[in-house]
Amino acid sequence: MSVPTPGPRPGDPRQAEDRPVAALRADVEAAVAGLDDLADRPISEHPAAFERVHGALGRALGAGSERG
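Counting with full-length UniProt numbering, you get residues 1 to 68 for the letters of the sequence shown.
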């Protein structure tokens, strides 16, 4: 039996390039923290967890390149 895991948390509604770096860092840290218990979760949940990390990293990197 699997333990239910919460879905994505609502984040800052602003576009990544309009958000402070600290907020983007917090998004990445929260996404990476979602991997902490990955070994205890069903394999079918693994892709979504990695997609959240990938998305958070992509938004942070994209915002950084927009800022120069």
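Just so you know, even glycine gets a beta-carbon here, dropped at the ideal spot from N, CA and C.
Check, Outcome
"Below 7 angstroms between beta carbons: does that hold for R52 and G64?", "no"
"Please classify D27 as buried or exposed, where buried requires at least 16 neighbouring CB atoms within 10 angstroms.", "buried"
"Please determine, among R59, A49 and L57, the residue with the shortest C-alpha to C-alpha distance to D36.", "A49"
"Please report the straight-line C-alpha distance between G55 and I43, rounded to a whole angstrom.", "19 angstroms"
"Quick one: what does DSSP say R52 is sitting in, helix, strand or coil?", "helix"
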